[in-house]
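Student: Structure incoming, see below.
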Amino acid sequence: MSFIKRLGYYLCGLSVGLIFLFFLFNGKRTQCNYSPSARVKSDIKKKGWVFEKDFYPIQDTLQWFARTTVDFSKSKIGTDSCNVYVMEIDSKLFLVKKCKDTAYFSH
């Protein structure tokens, strides 16, 4: 089989596969979160947010939250009820208590 025929079969298979993937994932908000910090932040985004009285985030809360990092060494993970994560933004620390349906933000 010549190189041109093999290349043609390859390109046909590739195009069919790409079309299949396009229709399979069309309209879905599929994300791949590989790092533990990204998975925690993604899970917190899906929950209802409750802020402490003196806790004032920046106007655009989602952009503000995207810039945070999770400090797992200071976090309390694996408790029975809610995990408490220590998060940092601009060298300021705050706590996020992640429960089943709600995430509570405090200083």
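What the sequence shown shows, in the working numbering, is residues 8 to 114, in sequence order. Heads up, the beta-carbon is just placed ideally off N, CA and C, and yes, glycines get one too.
Between K48 and K99, what straight-line distance do the alpha-carbon atoms span, to the nearest angstrom?
Tutor: If I take the Cα positions, the gap works out to 17 angstroms.
Student: For the pair the region 90-110 and the region 67-82, tell me if three or more CB-CB distances fall below 8 angstroms.
Tutor: With the cut-off at 8 angstroms, the region 90-110 and the region 67-82 touch.
Student: If you draw a straight line from the alpha carbon of K60 to that of Y111, how long is it in whole angstroms?
Tutor: Rounded to the nearest angstrom, the two C-alpha atoms are 11 angstroms apart.
Student: In terms of residues, what are the limits of the alpha helix (DSSP H) holding T68?
Tutor: Counting along the chain, the alpha helix (DSSP H) containing T68 begins and ends at 68-73.
Student: Classify T86: buried if its beta carbon has 16 or more other beta carbons within 10 angstroms, exposed otherwise.
Tutor: Answer is exposed; the Cβ neighbour count stays below 16.
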